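*Asks:* Numbering (this note's numbering), first residue to last: 3 to 307. Every residue gets a Cβ at the ideal spot worked out from N, C-alpha and C, and that includes glycine. Computed from a predicted structure; not experimentally measured. Quick one: the structure is below, questions incoming.
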Amino acid sequence: MEALFSVCSNSLFSSLQNHKNKTLLPFLTSDSRLSSSQLKSQSRVSLKSHDFHDFPPLVASRRRVLKCRSSNEQLETSFDESESLKNGVRRKNLAVFVSGGGSNFRAVHQAILSGDVHGRFVVLVTNKHDCGGAQYARENGIPVIIYPSTKKEPEGLSSNDLVAALSTYKIDFILLAGYLKLIPSELIRAYPNSILNIHPSLLPAFGGKGYYGTKVHKAVIASGARYSGPTIHFVDENYDTGRILAQRIVPVVVNDTAEELAARVLRQEHKMYAEVAAAICEERVIWREDGVPIIRSKADPEHYS
């Protein structure tokens, strides 16, 4: 896993100076070692010091280094550009957004580890620093960013700082995995047709603000619908209205409870999100002339799923 020193901040450099793993500091370039007075002059905050508690040692052959050149914090990153290729396609950098346990994030991450997805999670964004998904990320050496800034999460970033922080990771795609906040327009403009969300119903039915988790499944059962299932769609500036990329049908059984239906849908979510992640990382998603995204079959490029 590659590591990032993001935007200059007091908390970041304080963490680096006091970190028990002293191997971190030698990888800072000479012009990024600032004096105490210079550190105090930095105000923009990107990654917080608590995000580095479980940070893995940096590897000299694969690292990203921050160079702070002025109080305006202009960034210059140094990369080892040697990327592993698969059938001529570069491995993709993924960001994931979670608010809870992040089971879909975990499912895709396991698919990455098994070699089924030609990508890597390089950062996690959450609105709850102590959620299960964030803890899993830290345990697996994935940096965590808090967004947005709230009374409960005062160290969270602003929308513009979030975009700036993510840009340093050279993100190719963003996967939302149970993230309950509306994605800011600044981020959507920065990553057009590159942000995906998974929703536990067959959109456009049972979607929109307030439709999440068990609420979705209760509404499906109450409606008398015979089928439900997950939807993966591209994200626009509204809840659950972006272009649909993939769906999978799950039957609604007579006398289903919301919990039973949720468990059945979730099993398909895990499978489908890993498959879609593989497709986007292999550049198999194409757009029809009418603006509808479709997935080219891996086995037969002339067919679409």
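Do the segment 136-150 and the segment 297-305 make contact, defined as three or more Cβ pairs closer than 8 Å?
*Replies:* no
*Asks:* In this structure, how does DSSP classify His111 when only helix, strand and coil are distinguished?
*Replies:* Counting from one through the sequence shown, the residue named residue 111 turns up at place 109. It is helical.
*Asks:* Out of curiosity, what's the CA-to-CA distance linking Arg290 and Ile197?
*Replies:* Counting from 1 along the sequence shown, the entry for residue 290 is found at position 288. Counting from 1 along the sequence shown, the entry for residue 197 is found at position 195. When rounded, the distance between both Cα atoms is 18 Å.
*Asks:* Would you check if the distance between the CB atom of Val287 and the CB atom of Ala281 is smaller than 7 Å?
*Replies:* By 1-based counting over the sequence shown, the position of residue 287 is 285. By 1-based counting over the sequence shown, the position of residue 281 is 279. Cβ atoms of Val287 and Ala281: closer than 7 Å.
*Asks:* Between Thr243 and the rest of its own chain, which residues show a CB-CB distance below 6 Å, the 5 nearest in sequence each way excluded?
*Replies:* Counted from its first residue, the sequence shown places residue 243 at position 241. None.
*Asks:* Can we say the segment 224-242 touches the segment 260-278, given the rule of at least three CB pairs closer than 8 Å?
*Replies:* Two segments are said to touch when three or more pairs of C-beta atoms, one from each, lie closer than 8 Å; by this definition the segment 224-242 touches the segment 260-278.
*Asks:* How many angstroms separate the CA atom of Ile251 from the CA atom of Ile223?
*Replies:* By one-based count along the sequence shown, residue 251 stands at place 249. By one-based count along the sequence shown, residue 223 stands at place 221. Approximately 15 Å between the Cα atoms of the pair.
*Asks:* Leaving aside the five residues before and after Tyr241 along the sequence, list all residues of the same chain whose C-beta is less than 6 Å from its C-beta, in chain order.
*Replies:* Looking up residue 241 in the sequence shown gives position 239. These residues qualify, in order along the chain: Gly210 and Lys211.
*Asks:* Cutting at 8 Å between CB atoms, please list the residues of its own chain near Glu304, excluding the five before and the five after it.
*Replies:* Reading the sequence shown from its first residue, position 302 is the one you call residue 304. Correct list: empty, nothing qualifies.
*Asks:* How many Å lie between Pro145 and Val125 at the Cα?
*Replies:* Residue 145 sits at position 143 when you count from the first residue of the sequence shown. Residue 125 sits at position 123 when you count from the first residue of the sequence shown. Whole-angstrom Cα-Cα distance: 5 Å.
*Asks:* In the DSSP assignment, the beta strand (DSSP E) including His308 goes from what residue to what residue?
*Replies:* The chain is shown from 3 up to 307; residue 308 falls before or after that span and cannot be answered.
*Asks:* If I'm right that Val127 touches Tyr149 with Cβ under 8 Å, what's the distance once you round it to whole angstroms?
*Replies:* Residue 127 sits at position 125 when you count from the first residue of the sequence shown. Residue 149 sits at position 147 when you count from the first residue of the sequence shown. Sure, about 5 Å apart at Cβ, within 8 Å.
*Asks:* Within a Cβ cutoff of 7 Å, which residues of the same chain sit near Tyr306, ignoring the five residues on either side of it in sequence?
*Replies:* Taking the sequence shown and counting its residues from 1, one reaches residue 306 at position 304. Excluding sequence neighbours, Tyr306 sits near Ile296, Ile297, Arg298 and Ser299.
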